[in-house]
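For the numbering used here, count along the sequence shown from 1 and bump the result up by 326. Ideal placement from N, C-alpha and C gives every residue a C-beta, glycine not left out. First comes the structure, then the notes that go with it.
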Amino acid sequence: MSQPQYFSPSWIQPTDEVLDTDLCIYGGTSAGVIGAVTARRKGLRVLLLHPGKFIGGMTSGGLGWTDFGKKHVIGGASRQFYRDLGAAYGLEEEEWLFEAKAAEALFHRYLKAADVPVRLCQFLDHTTLENNRLAAIRMLGGLTVTAKYFMDATYEGDLLAKSGVSHHLGREANGVYGETINGVQIRDKHQFASPVDPYVKEGDPRSGTLPGVRQEDTAPQGSGDSLIQAYNFRVCMTDDPELRIPWEKPEGYDDAEYEIARRWFRHPETGYNALLRPGDDGARVAPDKFDLLSPRTPGGFVKTDTNNHGPISSDFIGRNWAWPSSDYATREKIFQAHVTYQKGLYWFMANDPSIPENLRQAHNRFGLAADEFGETGHWPHQIYVREARRMVSDYVLSEKDTQHHRQPEDSVGMGSYQMDSHNCQRIVRDGRVLNEGDVQLHPAGPYALSYRSVVPRRGECENLAVPVCLSASHIAFGSIRMEPVFMVLAESTALAISVAFPEGKALQDVAYNKLLPLLRDAGQILTQDDAKTEAAKG
């Protein structure tokens, strides 16, 4: 059985092929697919390159419990995607809870219907810029693509970085953009409510700290740093005995990684009881945070999109910092470390005698779903890159936008989800472990996303669109970074490219009054008035 991988040198096939197209999209995420299909429907020649074997990103990679904020502000092709998922399940309405295999099949259907050529296992190696424009990109193995326009639809922002576009990595201090909840944040959610000793030998700082725990950290609240929020895998599990694959102890399992869990579970009133959630029948319990998908199996059994929950969970806190700027081989090592940790966590919770029996039983009730991710050992093929590089352009979306202290007049979509940062690190304070970085704060309401936030600043790359690693502060990006929003922005930027293309204009020079009619025709929701109108429809 194949195991999940991010990168393997064996995937790279040497070639001297040179391809020319109107629009080259790098990144077969949900945004990449929607951007490609949109541009193709506007008559452009499109080529979609993807650094991996599976298209769809997180939408087809396990994130089946869709984080959408307010549904009524999701428009255009993005909203149609969820309608089409509903139709695939025989429903006459949108489906926001779905299986990965259903989403992947729909993406492939879109690409085939639009006649979009796709090249898989294409990892960016080099870019060529001429007169402040991307002229060509070359992949590992030698494939070269020339194009009039490009789109970076990756979660990492690899193409924007290699194109010399200004970007940021990490958390800004609050003072940079006049915010209140950026930078270092120690809060009470997903936190250890009872003291947990951080040292290898309890009570002895000289023995060193447990894996993943940093020494005493005194960075002030709201200060900036280079850290990013934790990654994990959104795992599809089931309690259907016909589909359930029992947990296995992974190769490379390190028992020390779970010592913090042992110590935490000594406090039952604040520990394991917080992880038990009732199932649909009132008796079934699920470990961790099991967002239940609509039942798809006989007998009322469930399938899940399992996310992190609590102070110790599937988030591998502090182990992803190097991911955005690392080469592909190093990312593969980080990827596998995350796989091993998360598989090991489920095995540990299901088997270790230090875990209370009822919680062990809850974990053993579930296992991987045998009908999902068959090519990667039933484990998701996409690591959840919640945050990586973020472009810095002429309009940086910030907490001010989410709280309606300002709103741009060149909207290409709307955000509405809460500002959601997962923990970034584990530190020692006053002889105990603390998680740091979790923030969850609702915006004042749906807010507009500026066209200037999805194209580089003036004077930088003129023919590159960036709908995923867009220009936003860390905390604002925590609200924007939802798959439906990425698809909205990809459609809008593809439409902008279709406006620029006939005259070869710089994307920064696209007149908004020329783009707006296309956005309206596509059904995008752009303003507060639009949002109110859609909300009134119910």
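Relative to the alpha-carbon of residue i, which residue among the options has its alpha-carbon at the smallest distance?
i: residue 760; options: 332, 442, 565, 514; result: 514
i: residue 379; options: 768, 853, 337; result: 337
i: residue 739; options: 368, 348, 546, 808; result: 808
i: residue 690; options: 535, 700, 677; result: 677
i: residue 561; options: 505, 425, 785; result: 425
i: residue 950; options: 441, 547, 458; result: Residue 950 lies beyond the stretch modelled for the chain, which goes from 327 to 864, so this question has no answer here.
i: residue 718; options: 791, 814, 444; result: 791
i: residue 843; options: 825, 443, 816; result: 825
i: residue 836; options: 850, 819, 846; result: 819
i: residue 737; options: 567, 815, 494; result: 815
Based on the DSSP output, what are the partners of residue i in its beta bridges?
i: residue 411; result: In the DSSP output, where bridge partners are listed per residue, residue 411 has none listed.
i: residue 455; result: 460
i: residue 745; result: 767
i: residue 494; result: 716
i: residue 660; result: In the DSSP output, where bridge partners are listed per residue, residue 660 has none listed.
i: residue 751; result: 762
i: residue 571; result: 694
i: residue 791; result: 477
i: residue 345; result: 471
i: residue 375; result: 352, 445
Nearest-angstrom Cα distance between residue i and residue j?
i: residue 853; j: residue 407; result: 21 Å
i: residue 696; j: residue 570; result: 6 Å
i: residue 385; j: residue 532; result: 45 Å
i: residue 339; j: residue 652; result: 22 Å
i: residue 432; j: residue 366; result: 17 Å
i: residue 603; j: residue 642; result: Any answer about residue 603 is weak, because its pLDDT of 48 lies below 50 and its placement is not dependable; what the coordinates show is given next. When rounded, the distance between both Cα atoms is 22 Å.
i: residue 412; j: residue 441; result: 23 Å
i: residue 435; j: residue 539; result: 45 Å
i: residue 782; j: residue 796; result: 9 Å
i: residue 383; j: residue 430; result: 9 Å
i: residue 713; j: residue 480; result: 11 Å
i: residue 803; j: residue 591; result: 34 Å
i: residue 598; j: residue 679; result: Only weak support exists for where residue 598 lies, its pLDDT of 47 falling under 50; the coordinates are left without a value.
i: residue 536; j: residue 524; result: 6 Å
i: residue 550; j: residue 510; result: 6 Å
i: residue 692; j: residue 733; result: 46 Å
i: residue 354; j: residue 850; result: 22 Å
i: residue 422; j: residue 559; result: 19 Å
Measure the Cβ-Cβ separation of residue i and residue j and say whether it is below 8 Å.
i: residue 848; j: residue 833; result: no
i: residue 762; j: residue 512; result: yes
i: residue 352; j: residue 450; result: yes
i: residue 657; j: residue 675; result: no
i: residue 376; j: residue 329; result: no
i: residue 557; j: residue 711; result: yes
i: residue 817; j: residue 404; result: yes
i: residue 716; j: residue 482; result: no
i: residue 454; j: residue 461; result: yes
i: residue 474; j: residue 348; result: yes
i: residue 754; j: residue 517; result: no
i: residue 694; j: residue 813; result: no
i: residue 806; j: residue 700; result: no
i: residue 586; j: residue 647; result: no
For this session: Count the C-beta pairs between the region 398-418 and the region 368-377 that are closer than 8 Å, then say yes if the count reaches three, no if not.
Result: no
Exercise. Should the region 492-508 be called in touch with the region 717-736, which here means at least 3 C-beta pairs below 8 Å?
Worked result: yes
Problem set entry | Inter-stretch contact (C-beta, 8 Å, three-pair minimum) for the region 766-774 and the region 541-557 | no
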